Structures are given as structure tokens and as C-alpha cells.
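Visitor: Numbering (my numbering), first residue to last: 3 to 155.
This structure is in C-alpha cells; I'll ask about it shortly.
Put into C-alpha cells, the structure is as follows:
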């Protein structure tokens, strides 16, 4: 649990959390609001089997994990499924563009995916930062243990 909550990252990490968490929360909600465009219809067009099951499943993960990232709660754990979502999106929607229309068209279409992927990897590495539930829990548990056990500074 320590490695999930510990963060020595500055408070400014909240900016990355707001960007990444906000995008995933929004995209997850839109899968339910606009199923033909970004939900099951989109998944069917890409070629997923059972898009009516897969799209809501992905949407739920985007909403839940995006919310956790926004709150800074279990951030490192929450970004793992989102990394899988982004890598799947790149493989299923951007690699075909690369093969059919070339690098620059793919680079243009993938700009949000790459930005989200790098933001997620950043959060996986540094954690949620000082303005987060993770930091609050770690400081709270760390200070109570240090006063009780004398082993944590």
C-alpha cells in the first residue's frame, strides 16, 4: 500500500491530474450519452466483437478511474486500466491510419492519445502529488505510525 500512496511530487501535479482525469471522465460519460458516435457504434465500426458490452465496460472504467485520478485517490492503481485503454485505442484506431495515410496524418489524429498516455505514465511514476487524497492518507498514516512506533520520520 505504501508504494501506491507515497508521493514526493510537487503540488503542481494536480494540473496533470485535472487534465488526464477530466478527459477520461468526460469520454466515459460521452460513451453513454452518445453511444452511436463514441460508444457501441464507434466500437462496432472499429471492429470490436460485442460492442454493446465492450463500450459500456470501457466507459465505466473511464468514469471510475478518471474520478479517482481527479481526486488523487489510489492514483497509481487507477492509471493502469487507463493506460490499457489508451494503448488499445492507439492500436485499433491510430495504427491503421499510420498504415493507410502515413505518419503525419496518424500523428495529428493521435495527439490526444499520446498526451493522455504520457500524462498517465507520468502519474504512474510520480504519484498524485501533494494535493491529493493519496498524500493526505500517507501523511496521516505515516505521522500516526511515526508517533506510535518511532520508525517512520
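Glycine included, C-beta positions come from ideal geometry on N, C-alpha and C.
Predicted model only: the values in this text are computed from it and were never measured.
(1) For the stretch 52-59 against the stretch 82-96, do three or more pairs of beta-carbon atoms, one drawn from each stretch, fall closer than 8 Å, so that the two count as touching?
(2) Evaluate the contact criterion for the stretch 118-128 versus the stretch 93-100: three or more CB pairs, one atom per stretch, below 8 Å.
(3) My guess is that residue 134 and residue 43 are in contact by the Cβ rule of under 8 Å, so how many angstroms apart are they, rounded?
(4) Is it buried or exposed for residue 67, if we count other Cβ within 10 angstroms and need 16 for buried?
(5) Within 10 angstroms of the Cβ of residue 120, are there 16 or more other Cβ atoms? Answer buried if so, exposed if not.
(6) Using the Cα positions of residue 136 and residue 5, report the straight-line distance between them to the nearest angstrom.
(7) Using a 10 Å radius around the Cβ and a threshold of 16 neighbouring Cβ atoms, would you call residue 38 buried or exposed?
(8) Using only the alpha-carbon positions, how far apart do residue 11 and residue 71 sit?
(9) Which residue's Cα is closest to the Cα of residue 62: 76, 81, 47, 27?
(10) Can you have a look at residue 155 and say buried or exposed, based on whether 16 or more other CB atoms are within 10 angstroms of its CB?
(11) Give the C-beta separation of residue 15 and residue 131 to the nearest angstrom, bearing in mind that I take them to be a contact with Cβ-Cβ under 8 Å.
(12) Using CA atoms only, rank isn't needed, just tell me which of 118, 112, 114, 91 is closest to residue 50.
(13) With distances taken between CB atoms, is the gap from residue 46 to residue 53 smaller than 8 Å?
(14) Could you give the distance in angstroms between the alpha-carbon of residue 13 and the alpha-carbon of residue 142?
(15) What residues in its chain sit with their C-beta under 7 Å from that of residue 156, if we drop five residues either side in the sequence?
Guide: Looking at the atomic coordinates:
(1) no
(2) no
(3) The Cβ separation is near 36 Å, so there is no contact.
(4) buried
(5) exposed
(6) 10 Å
(7) exposed
(8) 15 Å
(9) 27
(10) Bear in mind that a pLDDT of 36 at residue 155, under 50, signals an unreliable position, so the model cannot answer this.
(11) 3 Å
(12) 91
(13) yes
(14) 17 Å
(15) Residue 156 lies beyond the residue range present for the chain, which begins at 3 and ends at 155; the question has no answer from this structure.
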